[in-house]
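Asker: Just passing along the structure, written as structure tokens.
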Amino acid sequence: MGRFDTKHEIGMAGHSLGGAAAAATMIADPRVRAGMNMDGSFHPAPMPGQINRPFLMLGRDDVHSVGGDDTTWGQTWAALGGYRKWLTVAGADHTSFTDLDLLLEEAGFPTPPLPPERGVVITRAYVTAFFDQTLKGIHSPLLDGPSPNNPEVLFQP
Numbered sequence: 628m629g630r631f632d633t634k635h636e637i638g639m640a641g642h643s644l645g646g647a648a649a650a651a652t653m654i655a656d657p658r659v660r661a662g663m664n665m666d667g668s669f670h671p672a673p674m675p676g677q678i679n680r681p682f683l684m685l686g687r688d689d690v691h692s693v694g695g696d697d698t699t700w701g702q703t704w705a706a707l708g709g710y711r712k713w714l715t716v717a718g719a720d721h722t723s724f725t726d727l728d729l730l731l732e733e734a735g736f737p738t739p740p741l742p743p744e745r746g747v748v749i750t751r752a753y754v755t756a757f758f759d760q761t762l763k764g765i766h767s768p769l770l771d772g773p774s775p776n777n778p779e780v781l782f783q784p
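Each residue of the sequence shown is one higher than the one before, starting from 628 at the first, in this note's numbering.
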């Protein structure tokens, strides 16, 4: 009890610092077969050859797009081997990939341009598609390119 079930494929996703932890864990433990960073900087950015398994970078467009403020994403992208996707979400803020914006909206606080409900829908859809495809072998058209149903999701290089 309390251990990984290594009879099944293991995926790891994290938000913010948890995204950096997902990458660091993949470097340290080859049992993690796929990883994901949602809107977090990499501390430090992986070096070439350290992550050669599937990895998804999903973040807000104003910071994590190509040429954006967070240079660790470009460094990580260049270092990743194997299947990889770099997606950004227009109008999202740092907490759009969690349920915090929903709670802020209910409490009457300002929320980002991306409606909180859309943030949750987009996050669930792309996280599920990525892990279904990379761990279960279930192809998802969501990962093939831009979708008219999700115009906020932008595919980077």
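We treat Cβ as the ideally placed atom computed from N, Cα and C, and that holds for glycine.
Just tell me which of Ala640, Ala661, Thr652 has its CA closest to the CA of glutamine 760.
Answerer: The residue you call residue 760 lines up with position 133 of the sequence shown. That would be Ala661, whose Cα lies nearest to the Cα of glutamine 760.
Asker: Could you tell me which uninterrupted beta strand (DSSP E) segments, each at least 3 residues in length, are contained entirely in the segment 694-766, listed from first to last along the chain?
Answerer: Fully enclosed beta strand (DSSP E) runs of 3 or longer: 711-716.
Asker: What's the call for histidine 635, buried or exposed, on a 16-neighbour Cβ count within 10 Å?
Answerer: Locating residue 635 in the sequence shown gives position 8, counting from the first residue. Histidine 635 comes out exposed.
Asker: Name the residue from Phe669, Met639, Gly645 whose alpha carbon lies nearest to the alpha carbon of aspartate 656.
Answerer: Taking the sequence shown and counting its residues from 1, one reaches residue 656 at position 29. If we check each option's Cα against that of aspartate 656, Met639 comes out closest.
Asker: So, alanine 647 versus aspartate 688, is the Cβ gap smaller than 8 Å?
Answerer: One-based indexing of the sequence shown puts residue 647 at position 20. One-based indexing of the sequence shown puts residue 688 at position 61. Against a cut-off of 8 Å, the Cβ pair of aspartate 688 and alanine 647 comes out as no contact.
Asker: Please state the DSSP three-state secondary structure of glycine 646.
Answerer: Taking the sequence shown and counting its residues from 1, one reaches residue 646 at position 19. DSSP places glycine 646 in helix when its eight states are reduced to three.
Asker: Can you list, in chain order, the residues of its chain whose CB lies under 7 Å from that of serine 774, leaving out five sequence neighbours each side?
Answerer: By 1-based counting over the sequence shown, the position of residue 774 is 147. Excluding residues within five positions, the ones whose Cβ falls inside 7 Å are Val780.
Asker: Flag this pair as yes or no: are the beta carbons of valine 693 and glycine 701 separated by less than 8 Å?
Answerer: Position 66 of the sequence shown, counting from 1, holds the residue named residue 693. Position 74 of the sequence shown, counting from 1, holds the residue named residue 701. Yes, Cβ-Cβ distance for valine 693 and glycine 701 is below 8 Å.
Asker: Which residue comes first and which comes last in the beta strand (DSSP E) that contains glycine 686?
Answerer: Within the sequence shown, residue 686 is the residue found at index 59, counting from 1. Taken as a continuous stretch (DSSP letters only), the beta strand (DSSP E) holding glycine 686 covers 682-687.
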